[in-house]
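S.K.: If you want the numbering used here, it's the 1-based position in the sequence shown plus 1193.
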Amino acid sequence: MRCYWDFYSAGKLMFGGGVIDQLAAEIQKESRRRPLIITDKNLANAGIVERVLAATGEKANDTRVFQESEAEPSLEVALKALQVAQEFKPDTIIGLGGGSNMDLAKMTALLLAHGGAPEDYFGFDQIPGPVTPLVCIPTTSGTGSEVSHAAVLT
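(1) Might you give, ordered along the chain, the residues of its own chain that have their beta carbon closer than 8 Å to the beta carbon of residue 1271, omitting 5 neighbours on each side?
(2) Measuring alpha carbon to alpha carbon, tell me which residue in 1218, 1342 and 1309 is nearest residue 1268.
(3) Below 8 Å on the Cβ atoms is my guess for residue 1180 versus residue 1292; work out the distance and round it to an integer in Å.
(4) Could you check the C-alpha separation between residue 1220 and residue 1330 for me, to the nearest Å?
(5) Start and end of the beta strand (DSSP E) containing residue 1259?
(6) Beta-carbon within less than 8 Å of residue 1227's beta-carbon, same chain only, minus the 5 sequence neighbours each way: which residues are those?
(7) Take residue 1278 as the anchor and find which of 1263, 1216, 1307 and 1315 has the nearest alpha-carbon.
(8) Among residues of its own chain, excluding the 5 on either side of residue 1332, which ones have a beta-carbon nearer than 6 Å to its beta-carbon?
(9) When you compare the CB positions of residue 1260 and residue 1232, do they come within less than 8 Å of one another, or not?
(10) Closer than 7 Å by C-beta to residue 1295: which residues in its own chain qualify, once you throw out the five before and the five after it? Chain order, please.
(11) Buried or exposed: residue 1236, going by 16 or more other Cβ atoms within 10 Å of its Cβ?
(12) Figure out for me which residue from 1238, 1211, 1321 and 1265 has the closest Cα to the Cα of residue 1248.
(13) Please confirm whether residue 1326 and residue 1225 have their CB atoms less than 8 Å apart.
(14) Rounded to a whole number of angstroms, what is the C-alpha to C-alpha distance between residue 1318 and residue 1324?
(15) What number of angstroms, rounded off, separates the C-alpha of residue 1343 from the C-alpha of residue 1316?
(16) Suppose you measure from the CA of residue 1213 to the CA of residue 1263; what does that come to, to the nearest Å?
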């Protein structure tokens, strides 16, 4: 009988009370100082974005927020997020919220690194290499977007 299990994830997973306070240390690894936060208006209105902005730390030279994500993000919203990212030139993408926001952040990190359109990456094994560094901060339980490589757009 097998007494252990393997868990393969999209990357490092940190969880626990107060873990948001570790955000600055995480994004500043390898001198990253220019994050783009991808989220939605509800989290912005609830004050959660401000808490994350504060947690990015003093050494984050410039931080931008794209808060136009939506439930089941559309291709159009993905292209808007990409346009903001291309203009801002972040060195880190932060996906803040539920699965939709994290999926949009993953797609933005991919497109910023490799170009093209979202449709170019539909299917399996379409990503040619590493994406822009990505941090996902889930505010809901259940989607699992923070631990998967997939992103869902409509």
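Where a beta carbon is used, it is the ideal one built from N, C-alpha and C, also for glycine.
M.R.: According to the data block:
(1) Contacts found: 1297, 1300, 1301, 1304, 1311 and 1346.
(2) Minimum Cα distance to residue 1268 is reached at 1309.
(3) What is shown of the chain runs 1194 to 1347, which leaves residue 1180 out entirely.
(4) 12 Å
(5) 1257 to 1259
(6) The answer, listed in chain order, is 1253, 1254, 1255, 1256, 1281, 1282, 1283, 1284 and 1285.
(7) When each option's Cα is compared against that of residue 1278, the closest is 1307.
(8) 1290
(9) yes
(10) 1288, 1329, 1331, 1338 and 1339
(11) Its Cβ being crowded by 16 or more others within 10 Å, residue 1236 is buried.
(12) 1211
(13) yes
(14) Rounded to whole angstroms, residue 1318 to residue 1324 spans 14 Å at the Cα level.
(15) 9 Å
(16) 23 Å
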